[in-house]
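For the sequence shown, position 27 (counting from the first letter as 1) is numbered 26 according to numbering that gives the first Met the number 0, and the numbering increases by one without interruption. The beta-carbon is built from N, C-alpha and C at its ideal position, and this holds for glycine as well.
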Amino acid sequence: MSKHIIVAEDEALVAMGFECFLQDAGYRVTLAQDGLEAIEAFRADPADLLLTDVRMPRLDGFGLISRIREIAPDLPVIVASGHTRPDSVNLDAAKAPTTLLMKPVSFQTLLDAVADALIGRRHAV
Numbered sequence: 000m001s002k003h004i005i006v007a008e009d010e011a012l013v014a015m016g017f018e019c020f021l022q023d024a025g026y027r028v029t030l031a032q033d034g035l036e037a038i039e040a041f042r043a044d045p046a047d048l049l050l051t052d053v054r055m056p057r058l059d060g061f062g063l064i065s066r067i068r069e070i071a072p073d074l075p076v077i078v079a080s081g082h083t084r085p086d087s088v089n090l091d092a093a094k095a096p097t098t099l100l101m102k103p104v105s106f107q108t109l110l111d112a113v114a115d116a117l118i119g120r121r122h123a124v
């Protein structure tokens, strides 16, 4: 069975690009337009990994990570953002693998980060 990834991204074209690329790589993908929708999706069909943007309506990426970690503390998370600097986030404090990718991100970099996160490694960017 293929690994399931929830993609929380409010920019439709970015979300569809992530979805197509990840599906082509053999992953099962569920799209969510914001953090609240991602939590609902996770409760309905738990994922193996969360890929999230930071700036989203209703519940942002950091709020989503906090709430999803209450449900699944070991869930690997990849944050893909064009608005958050790597030095502004303490990823070492996270209990589960957490990776920050700066947008625009190449699909190969994303694929490498997903593979690393699923085996429990942080991906160096």
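request  = Assign A114 to one of three DSSP states: helix, strand, or coil.
outcome  = Within the sequence shown, numbered from 1, the residue matching residue 114 stands at position 115. Here A114 sits in helix by DSSP.
request  = Using three-state DSSP, classify A37 as helix, strand or coil.
outcome  = Within the sequence shown, numbered from 1, the residue matching residue 37 stands at position 38. In this structure, A37 counts as helix in the three-state DSSP scheme.
key: M31 - DSSP class collapsed to helix/strand/coil   = The residue labelled residue 31 in the question sits at position 32 within the sequence shown. The question names Met, but residue 31 in the sequence shown is Ala. Strand, per DSSP.
message = Per the DSSP calculation, V104 is bridged to which residue(s)?
response = Mapped onto the sequence shown, residue 104 falls at position 105. Per DSSP, none; premise fails for V104.
inquiry  = Tell me which residue opens and which closes the beta strand (DSSP E) that A7 is part of.
reply    = Indexing the sequence shown from 1 puts residue 7 at position 8. Where A7 is concerned, the enclosing beta strand (DSSP E) stretches over 3-7.
ask   = I think G81 touches M101, with their Cβ atoms under 8 Å apart; what is that distance to the nearest whole Å?
value = Looking up residue 81 in the sequence shown gives position 82. Looking up residue 101 in the sequence shown gives position 102. So it is a contact: roughly 7 Å between Cβ atoms.
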